[in-house]
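Numbering (the UniProt record's numbering), first residue to last: 1 to 601.
We put the CB at the ideal spot given by N, CA and C, even for glycine.
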C-alpha cells in the first residue's frame, strides 16, 4: 500500500457576532471556503450583514444550512445567486416561513439557487465530499460530514440522539476525529420522553385557567402532539396549513386535530385551554395581545424557547405610512382645483405600509385593516395632518411627485405575565450524557463548541475532559486546528493471487485463508453472485479503520469486532466473518472485496 500524509488546516470562525445568537460561520478546509447557515434575529435587522460579510459569503465556494430555524435560515433571501445546500424539509418549510414574513420581496425560494439534498446522498463543494445525515431534534435538521482523505469532520447543531413523537433521532454513527457543534447541551436536564410528557400534562392539569406556551416554530409540531388535546395555535394561516399537513402525514392515532384557523381575538375561552404562540419569524407580534387578554390570576405562561424576552411586552405599537401624490405645474395651464379632505378612511383603500414595533409587516391579512380599529378592539383615532391638496389638471405639462406622509399612532400597553415558567426540557436536544455518548461513538478527538454562554462551555468541557483530547471554544474568535490526512493509492496487480485457496463454513459465514504478503493492494470488480472471497491477513486496526470510514459502527473486544451489533469478525489464524443478517453480511463482504485486499509487510 502506497500512502502519503499531509496536514490539513481547518478554520472555523463566526461572521456574525455570537452575542446576536445568530448562526453564520465560515468553515475553511484547506483552500475550500464553506459558509454554514445564514441566520437572522427576530427583528429581521439585515444590517448585521455588512458589505464585508456579504462579500465573504458571496466569494465562498458554497453555503450549507443545517435547519429552517430563523437563526439558521432567516437571511437566505439576501443571497439569491449563491449555491446553497440543505435538506428538502429545511428548504420547503423555510420557504413558507420567509414568504409569509417578507411577502413584498417575492417568492424567496424561487429566487435563490437552492440544491435540496437527501439524507445519505453525497455531494461535493469543490473537492470536498459532503454527506448530510439526520441530526434529530427538528425535522430536516442536518449533521454534515466532510470527508478529507481518511479523516472526516462532522458539523451539526442541536443534535438529539433520541427519537421523539414526531422526529427520529440521530441516524448514523461513523468515525469523525473533528466535531463542530453548539453549546446548548450544557443546560438541558436529563429527562426521558415519557417523563417530559408527564411533566407537561401535570402543568396543564394543575392550571385552572389558560396555559399559554411560547415555542419556536421548529418545536411546534412536537408540542402539539405532546399536549394530546385541542389547542389553539396563533400564527400565520399558511404556516398552520403546513403544520396540519405534517401532523396528518405523521398518522397520529386518537388525536383530536387542533383548530388552526381561529383569529386570536375570537378564541373560544371554554374550548381552548392551551394556547400556543410561535415565537419566531415575526409571529411574536401576537403575544402582547394574547397576554393582555389572558393575564388573569389563574392563567400561566410557559416559555419553551431558548430564552424569549418576556419583560414588559408591548401589546401594540403602530406607525402608519401613506404614499401621497402631489402635482406641480411646470408652466401656466388652466387647471381645475379639487380640494380633498381625509378625515375618515378605510385602510384597504389606501396605498399604505403598516409598521408594527417599527417593523414593516404583512403578518396580518389585509382584511383585518378594513376599519380604524386594531385586532384587540382598541380604536385608533388617527389624525391626518398636513395632507397636500391634490390638484387635478391636464396630463401635459405636469410633474408627478410622490411623497410619503406618516401618521403616528403609538398605543403601547405593557403587560407583565402574572405566572411565568421557563422550561429547559423541551429543546429537543441531547443532554450531557447523550452528547458524550455521541462523541465517544464518533471517536471525536478535537471538539469545537460554538456559543455565547461561557458557562455552558465550561459545563461541557468539565464533563467531557476525560474523553476528548482537545476542546475549543468558538465565541467571537476563529478556531484554527490541523488534522492529519492520509491519501491511499491503489496499485492493481496480476490476478494470480486471486487463485489462492479459500473455503466457506456456511452460507452466512466466510472463512478467509491467509495468502502471500506484498506491498500492493488488489482492486477487483464486484461479484455479487459469489459469496466466497479470499483476503490477505490483515491487522485488526486496518479493518476497523476501513469499516468506520464507510459508516459502519464498530466495537472491539480482544480479537473480535462487532459491526452494527449484528455482525462479528474474528481474527485468529484465519479471518472469519459471520452474521444472521444476510443484507449486512453482503454489504460488508462487498466492502472487503473492493477495498480490503491489502497485503502489508
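Chain-order list of residues whose beta-carbon lies under 8 Å from that of residue 424 (same chain, five-residue window excluded): The beta carbon of residue 424 lies closer than 8 Å to those of 187, 188 and 189 in the same chain, with the five residues before and after it left out.
Tell me, which residues are paired with residue 83 by DSSP? In the DSSP output, where bridge partners are listed per residue, residue 83 has 113.
Given a cut-off of 7 Å, decide if residue 34 and residue 74 are closer than it, judged by their beta-carbon atoms. Result no, Cβ atoms of residue 74 and residue 34 do not sit closer than 7 Å.
Ends of the alpha helix (DSSP H) at residue 197? Taken as a continuous stretch (DSSP letters only), the alpha helix (DSSP H) holding residue 197 covers 193–206.
From residue 503 to residue 579, what does the alpha carbon distance come to, in whole angstroms? Confidence at residue 503 is low in this model, with a pLDDT of 34, below 50, so its placement is unreliable and no value can be given for it.
Between residue 56 and the rest of its own chain, which residues show a CB-CB distance below 7 Å, the 5 nearest in sequence each way excluded? Within the same chain, residue 56 has close Cβ partners 15 and 26.
From residue 553 to residue 284, what does the alpha carbon distance come to, in whole angstroms? Linking residue 553 to residue 284 through their CA atoms gives a straight-line distance of about 43 Å.
Can you give the Cα-Cα distance for residue 42 and residue 563, rounded to whole angstroms? One Cα belongs to residue 42, the other to residue 563, and the distance between them is close to 46 Å.
Using the beta-carbon count (16 or more within 10 Å), is residue 557 buried or exposed? By the Cβ-count criterion, residue 557 is exposed, with fewer than 16 other Cβ atoms from all chains shown falling within 10 Å of its own Cβ.
Can you give the Cα-Cα distance for residue 280 and residue 70, rounded to whole angstroms? About 7 Å.
Three or more C-beta pairs under 8 Å: does that hold for the region 157–167 against the region 86–100? Contact between the region 157–167 and the region 86–100 is absent: fewer than 3 CB-CB pairs across the two stretches fall below 8 Å.
Using 7 Å as the threshold, is the C-beta distance between residue 591 and residue 550 below it? Yes, these two residues count as a Cβ contact at 7 Å.
Neighbourhood of residue 18 by C-beta distance below 6 Å, restricted to the same chain and skipping five residues each side: Leaving aside the five residues that flank residue 18 on each side, the residues in its chain whose CB is nearer than 6 Å to its CB run, in chain order, 452, 475 and 476.
From residue 569 to residue 146, what distance separates their C-alpha atoms? Between residue 569 and residue 146, the C-alpha separation is close to 28 Å.
Does the structure place the region 225–236 close enough to the region 427–444 that three or more beta carbon pairs sit under 8 Å? The region 427–444 and the region 225–236 do not touch, with fewer than 3 CB-CB distances between them shorter than 8 Å.
Got a sec, what are the start and stop residues for the beta strand (DSSP E) residue 151 sits in? Where residue 151 is concerned, the enclosing beta strand (DSSP E) stretches over 151–155.
Using three-state DSSP, classify residue 303 as helix, strand or coil. Correct three-state label for residue 303: strand.
Per-residue DSSP class, three states only, for residue 23: Reduced to three states, the DSSP call for residue 23 is coil.
Three-way DSSP call (helix, strand, coil) for residue 552 in this model: Secondary structure at residue 552: coil, using DSSP grouped into helix, strand and coil.
Around the C-beta of residue 135, are 16 or more other C-beta atoms found within 10 angstroms, so that it is buried, or is it exposed? Per the 10 Å Cβ criterion, buried.
Using 7 Å as the threshold, is the C-beta distance between residue 217 and residue 278 below it? The beta carbons of residue 217 and residue 278 sit closer together than 7 Å.
For residue 206, count neighbouring C-beta atoms within 10 Å of its own C-beta (all shown protein chains included) and say buried if the count is 16 or more, exposed if not. Exposed is the call here.
Given a threshold of 16 other Cβ atoms within 10 Å of its Cβ, counted over all protein chains shown, does residue 293 qualify as buried or as exposed? Residue 293 should be labelled buried.
Where does residue 463 sit, in a helix, a strand or coil, going by DSSP? Three-state DSSP puts residue 463 in a helix.
Classification of residue 457 by the beta-carbon crowding that lies within 10 angstroms, buried from 16 upward: Taking a 10 Å sphere around the C-beta of residue 457, we find 16 or more other C-beta atoms and assign the residue as buried.
List the DSSP bridge partners of residue 567. According to DSSP, residue pairing for residue 567 in a beta bridge involves 563 and 579.
Give the secondary structure of residue 65 by DSSP, where H, G and I count as helix, E and B as strand, and everything else as coil. It is coil, neither helix nor strand.
Let's test the definition: count the other Cβ atoms within 10 Å of the Cβ of residue 133 and tell me whether it reaches 16, buried, or not, exposed. Buried is the label assigned to residue 133, since at least 16 other Cβ atoms lie within 10 Å of its Cβ.
Integer Cβ distance of residue 65 from residue 38, believed to fall under 8 Å: With a Cβ gap of about 7 Å, residue 65 and residue 38 count as contacting.
Contact check, residue 9 vs residue 482, beta carbons under 7 Å: Note that the C-beta distance between residue 9 and residue 482 is below 7 Å.
Indicate whether residue 87 and residue 142 have their beta-carbon atoms separated by less than 7 Å. Yes, Cβ-Cβ distance for residue 87 and residue 142 is below 7 Å.
Which residue wins for smallest C-alpha separation from residue 172, given the options 185, 144 and 181? The candidate whose alpha carbon is nearest that of residue 172 is 144.
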